[in-house]
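Numbering (the UniProt record's numbering), first residue to last: 1 to 365. The C-beta atom is built at its ideal place from N, Cα and C for all residues, glycine as well. Predicted model only: the values in this text are computed from it and were never measured. These notes concern the structure reproduced below.
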Amino acid sequence: MAEETGTPPYIFPIFFTSKTQEIFSCKADEDVKEENPHKIITKEQIQQDFKDRAAISDFHPAKKIVEEYPSDELLIVYDAAFQYGQNFYLIIDEEEKQKILNPPEESGELGENGEEEPEIAIRIGLRTPQPWISMGSEFEVEDEKVVETDDRVKLTITRSRKDFGCPVQFEDRIEDEHSRDIVIDCLAFEDSAYSIVKKEMDVGTQNTADYFNQESQTEWPRPKNAAVQCEARQNTDKENDVIMNSDDIVDFMDEVIPRFELALQQNETFNVFINDYFELGEAENAFGTKSDNHLKEYQSFTDLQFSKNKTVHDIQWHPHIKGVIAVSCTEHMSFYERIDKTTRASQSPSLILIWSFADPIHPLV
């Protein structure tokens, strides 16, 4: 897995929920920060977490690594930029852990007497052109050239003008003793001695685009001016009296008046023109500040087979059953990696996990 995703072999990416961060005192951007991302966790704390939360523990994917680790203290590093796909990663090699905790001090190069050697400035001038050395490529180019070896033969064929356009009639001629010397009958036959087979041949081809000229002209009609003038229609007083006394207007008023009165009552009890920005909370109580810098976790779902080391692509609730959610997971790949592995992705089955709040450990596929 480390070779495919570009992760070093001594690093094991792992995801910590807010509950796990609270248990091990490694809250993101509080206990551990990007400037100081290291956190030491003992084996005893991790084993106690296995007993308390079993398969729900975030250390469950690395359970075998934790049990076989030679030291009693493990190093957890906060990955704020998600460089390896998760928010934390575990150092599974003791030597690498010591290198991270105790980096070697940088010191200058010392000479034979224990003193630092002075730096020597070297001036880099223009590069001198070197003679060209033949590697045989020019002979390959010469072999591919088409060179005329024989002299061209020039022929001139003429025909009398009187023979142009003359009627021609062909007929079969029977061979006899008189015409035997001037008529030769050549019949098609298969020559068994002809055994030349062409197995390899160099052919040069060139494709040229076809060009053609084409013109088109749009018919342009004679331009002319046009004007339109509209006049508003108005009812007479008699027509207005008929409309106001009709049954349709009475039914309309009976239907609209209750809604209109309700809207007026709501406007009296609540100011619809209030400025919402003035009703915002203080800066310290706003979402995303130090007092509340992340969402609170309500429910976590764990699967070690189908969604391990994958990214959640889409989440949809069940339209009729409460407490059931469908999750689609994809591999950790960039856009260009998905294009390169299109054929491989089409051959692998796509799975949708169906989770239930009643059983957050065993999903349905």
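query: Going along the chain, which unbroken runs of the alpha helix (DSSP H) with 4 or more residues stay wholly within the segment 209–286?; result: 237–244, 247–269
query: L101 to E138, Cα distance in whole Å?; result: 60 Å
query: Output the distance between the C-alpha atoms of Q169 and K145, rounded to the nearest integer angstrom.; result: 49 Å
query: With DSSP collapsed to three states, give me the class of E73.; result: strand
query: From N271 to E255, what does the alpha carbon distance come to, in whole angstroms?; result: 25 Å
query: Just confirm the distance between the C-beta atoms of D303 and L353, as a whole number of angstroms; I'd bet it's less than 8 Å.; result: 6 Å
query: How far does the alpha helix (DSSP H) with L364 in it reach, from first residue to last?; result: Here L364 belongs to no alpha helix (DSSP H); instead the beta strand (DSSP E) covers 359–364.
query: Can you grab the Cα-Cα spacing for the pair F357 / V324, in whole Å?; result: 7 Å
query: Nearest CA to the CA of I23: which residue from E34, P13, S57?; result: S57
query: If you draw a straight line from the alpha carbon of R338 to that of L351, how long is it in whole angstroms?; result: 17 Å
query: Rounded C-beta distance between I41 and I65? I'm assuming under 8 Å.; result: Not really, about 13 Å apart at Cβ, beyond 8 Å.
query: Starting from D88, follow the beta strand (DSSP E) in both directions and report where the run begins and ends.; result: The identity of residue 88 in the sequence shown is Phe, whereas the question assumes Asp. Where F88 is concerned, the enclosing beta strand (DSSP E) stretches over 88–91.
query: Can you grab the Cα-Cα spacing for the pair F16 / L264, in whole Å?; result: 53 Å
query: Using the rule of at least 16 other Cβ atoms within 10 Å of the residue's Cβ for burial, across every protein chain shown, is V327 buried or exposed?; result: buried
query: Do K310 and T330 come within 8 Å of each other at the CB atom, strictly closer than that value?; result: yes
query: Pull the bridge partners of D314 from the DSSP assignment, please.; result: S328
query: Throw me the rounded Cβ distance for the L90 and F12 pair, which I believe falls under 8 Å.; result: 4 Å
query: Are I14 and F88 touching if we call contact CB-CB under 8 Å?; result: yes
query: Quick one: Cα of P103 to Cα of E95, how far?; result: 11 Å
query: Between which two residues does the alpha helix (DSSP H) holding T20 run?; result: 18–23
query: Out of E67, E35, F273, state which residue places its alpha-carbon closest to the alpha-carbon of Q48.; result: E67
query: Between the alpha carbons of E279 and F273, how many angstroms are there, rounded?; result: 13 Å
query: Which residues in the same chain have their Cβ closer than 6 Å to the Cβ of A80, if we skip the five residues on either side of it in sequence?; result: E34
query: Please report how far the alpha carbon of E219 lies from the alpha carbon of A227, in whole angstroms.; result: 24 Å
query: Could you give the DSSP three-state label for Y10: helix, strand or coil?; result: coil
query: Assuming the contact rule is C-beta atoms closer than 8 Å, S300 and P363 should be a hit. Round their C-beta distance to whole Å, please.; result: Wrong, their Cβ atoms sit about 13 Å apart, outside the cutoff.
query: Cβ of K39 less than 8 Å from any chain C Cβ?; result: Protein chain content of the structure displayed is limited to a single chain, and chain C is not contained in it.
query: Does DSSP classify V192 as helix, strand or coil?; result: The residue asked about is misnamed: residue 192 is Ser in this sequence, not Val. Coil at S192, not helix or strand.
query: In this structure, does DSSP put R152 in helix, strand or coil?; result: coil
query: At which residues does the beta strand (DSSP E) containing K39 begin and terminate?; result: 38–42
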